[in-house]
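Down below is the structure, laid out as structure tokens.
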Amino acid sequence: MARTKRSTDLDTRNKRLELALGRRWMDTLGPGAYLSYERPPSGGSGSWIARWCDLEATPRVYKQARVGTADDFMDADGIKILTFTQASKAAQAKFTEWSRAAVLVAGGEVPHEGPYTVADVWRDYLADARVRGVHGVRIMDQIAQAHILPELGAMDVTALTPRRVQRWHQELAQQPRRRTGRARREGEEVIFQEKPATDDERRARRDTANRILTNLKAALNFAQRHGHGRGVNWSEVKPFRNVSQARVRFLSVEEQQRLVNACPPEFRALVQGALFTGARYGELTKLQVRDFNAQAGTLFIQFGKAKGGGYKPRHVALTEEGQRWFVSHSTGRRGDELMFRRGSVARSGRKEALSGFDGWAAYDEVHAMELACEAGQVDKVTFHELRHTYASGLVNRGVPLAFVAEQLGHSDIRMVQKHYGHLAPSAKAEAIRSLAPVLGIGGLGVVQPLEIAKPVSG
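In structure tokens, the structure reads:
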């Protein structure tokens, strides 16, 4: 649409100060899109005004809005006092907003009226995420309600600056963790834990702040793509560096055996499935018996997690031990049965909502895992750490990181490198020592070339 260009009359303060007072000076930024400069008769600083005409409407629709003060006598701050280039970008944001609103009106929809706040941004971003099938939307919203919207929700998105977001991000990292548990009643005071005191606690809080910042920046970028905002480059807001290297818990083979032995039968099967495949809890709970291919020795994960929402299917190659276990677990069962059942395990909550469902639902594994760890005398681990255990076992045996990433359903090795890369050097060394060819040239002062016999002519 509109584009930024140089103006022979408006791009420098010296040229603008030579213009007559009390008049309007226009610069064309695109079809029907103009940046107007108006300096009052009193001789004060001029104003930048975006003017736009909907050329496709009948009758034509005109809109205008002041986008800032010209840097005639004060240096630009990029917020209220703007250079010609900054004013052009702010005007373009307005043109995009008005153009999109015109499209909505033409389609029979009602465009947003009044200030478009950060809370409005978050609402629309979540609605879009739900349509696209993004995972974890409910948790994302809970985090935003706790950490983003109380501080920034009422702000007009056009008034939000990278500096303001950076300050919020830094303050967020200094806050202690909230005490979680049951849902708070309306008006109930938030209870915080002790402030982070150790280096690892401070690292963890910064890591959490980074993840919340990522969600906010994604929402703000979404708003800009839909014509809201001032064209701010939100990548200017920098996350804390080197804070995401949390210690990942891996179970030893002995610990895995103790954990499996301590589980009740139906949960034991689920744990075994996780340790043989590295699949996520949600992926395992959706498996059907037909997803195991005994002939190929693979397990089909139909509902694998995909970046940006939706699902990404994959085939997991099973070890011989894993193949034997899945054969015994699936023999004699219908193909459309759930691979993992929970018919005989009592639920502590949601009994009415899940009555008649004998599969594993969200969060069912949490309490079962706690009981199994206690019974098996294993330090507390989460179900997701069974996935880490599987991956670390592959890396320690010298399996290339690219193959590990494929087994886990990652599109590249970055996540594998992040969590398990420190295990790879020793595994690589062992693999090279055991797999590299023996050349038979060590200890010889001079290597004698082999004499190649000439072929005998017939």
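Residue 9 in numbering that gives the first Met the number 0 sits at position 10 of the sequence shown, with consecutive numbering throughout. We put the CB at the ideal spot given by N, CA and C, even for glycine.
How would you call I431, buried or exposed, if buried means at least 16 neighbouring beta carbons within 10 angstroms? So I431 counts as exposed.
Should A32 and A49 be called a contact, given that it needs their Cβ atoms to be closer than 9 angstroms? The Cβ atoms of A32 and A49 sit closer than 9 angstroms to each other.
What did DSSP end up calling L214 once you bin it into helix, strand or coil? In the sequence on display, residue 214 carries Asn and not Leu. Look at N214 here: in three-state DSSP terms it is helix.
Inspect the beta-carbon positions of L385 and G296 and report whether they are closer than 9 angstroms. no
Three or more C-beta pairs below 8 angstroms linking the stretch 363-372 and the stretch 258-275: yes
If we require 3 or more residues per run, which beta strand (DSSP E) segments fall completely within the stretch 96-157? DSSP runs (the beta strand (DSSP E)) wholly in the stretch 96-157: none.
For S35, which beta-bridge partners are listed by DSSP? For S35, DSSP records a beta bridge to M25, I48.
Does the beta-carbon of A90 have 16 or more other beta-carbons within 10 angstroms, so that it is buried, or is it exposed? The residue in question, A90, is buried, as its Cβ has 16 or more Cβ neighbours within 10 Å.
In whole angstroms, what is the alpha-carbon distance linking V242 and Y124? 27 angstroms
Start and end residues, beta strand (DSSP E) containing K14: Counting along the chain, K14 falls outside any beta strand (DSSP E), though it belongs to the alpha helix (DSSP H) covering 12-16.
Count the other CB atoms within 10 Å of the CB of V294; is the residue buried (16 or more) or exposed (fewer)? Sequence inspection shows Gln at residue 294; the Val mentioned does not correspond to that position. Its Cβ having fewer than 16 others within 10 Å, Q294 is exposed.
Identify, in the order they occur along the chain, each residue of the same chain with its Cβ nearer than 6 angstroms to the Cβ of Y36, setting aside the five sequence neighbours on each side. L9, W24, G45
V459 (DSSP reduced to helix, strand or coil): Coverage of the chain is limited to positions 0 through 457, which leaves residue 459 absent and any answer about it impossible.
On a Cα-Cα basis, can you pick out the residue from W51, F249, F221 that is closest to H383? Answer by Cα proximity: F249.
Using a Cβ-Cβ cutoff of less than 8 angstroms, which residues in the same chain neighbour E161 once the five nearest sequence positions on both sides are dropped? First, the residue type needs correcting, since residue 161 is Pro and not Glu in the sequence shown. If we look at P161 and ignore the five residues flanking it on each side, its Cβ neighbours are V231, N232, W233, E235, V236.
What do you reckon, are the CB atoms on R341 and G358 nearer than 9 angstroms? yes
Taking the C-alpha atoms as reference points, what is the distance between R181 and W51? For R181, the predicted model reports a pLDDT of 49, less than 50, meaning its position is unreliable; a value from the coordinates is still stated below. Rounded to the nearest angstrom, the two C-alpha atoms are 52 angstroms apart.
Return the Cβ separation of V415 and V403 in integer angstroms, given the expectation that the two are a contact with Cβ distance under 8 angstroms. The C-beta distance from V415 to V403 rounds to 5 angstroms, short enough to meet the 8 angstroms contact threshold.
What is the rounded straight-line gap between the Cα of F325 and the Cα of A217? 41 angstroms
Give the C-beta separation of L317 and F275 to the nearest angstrom, bearing in mind that I take them to be a contact with Cβ-Cβ under 8 angstroms. 6 angstroms
Measure from the alpha carbon of I138 to the alpha carbon of each residue in I211, R163, A196, G77, then state which is nearest. I211
Looking at the strands, I want to know which residues DSSP matches up with R65. Residue pairing by DSSP places R65 opposite I48 in a beta bridge.
With the cut-off set at 9 angstroms, would you say R12 and D70 are in Cβ contact? yes
Could you pull out every residue in the same chain whose Cβ sits closer than 7 angstroms to the Cβ of D127, ignoring the five residues on either side in sequence? Counting only Cβ-Cβ distances below 7 angstroms, and skipping sequence neighbours, we find F221.
Using the rule of at least 16 other Cβ atoms within 10 Å of the residue's Cβ for burial, across every protein chain shown, is M73 buried or exposed? exposed
Measuring only the C-alpha atoms, how far is G334 from L298? Looking at the two C-alpha atoms, the distance is approximately 13 angstroms.
Pairwise C-alpha distance: L393 and V288: 25 angstroms
DSSP three-state assignment for A305, whether helix, strand or coil: coil
Could you give the residue range of the beta strand (DSSP E) that holds L298? 297-300
To the nearest angstrom, how far is the alpha carbon of L370 from that of E170? Taking the straight line joining both Cα atoms gives about 37 angstroms.
Assign H227 to one of two classes, buried (16 or more other C-beta atoms within 10 Å of its C-beta) or exposed (fewer than that). buried
Quick one: Cα of A172 to Cα of L422, how far? 30 angstroms
Measuring CB to CB, does G408 end up less than 9 angstroms from K285? no
Tell me the DSSP secondary structure of L370 in three-state form. In this structure, L370 counts as helix in the three-state DSSP scheme.
Between the beta-carbon of Y419 and the beta-carbon of V247, is there less than 9 angstroms? yes
So for I431, helix, strand or coil by DSSP? helix
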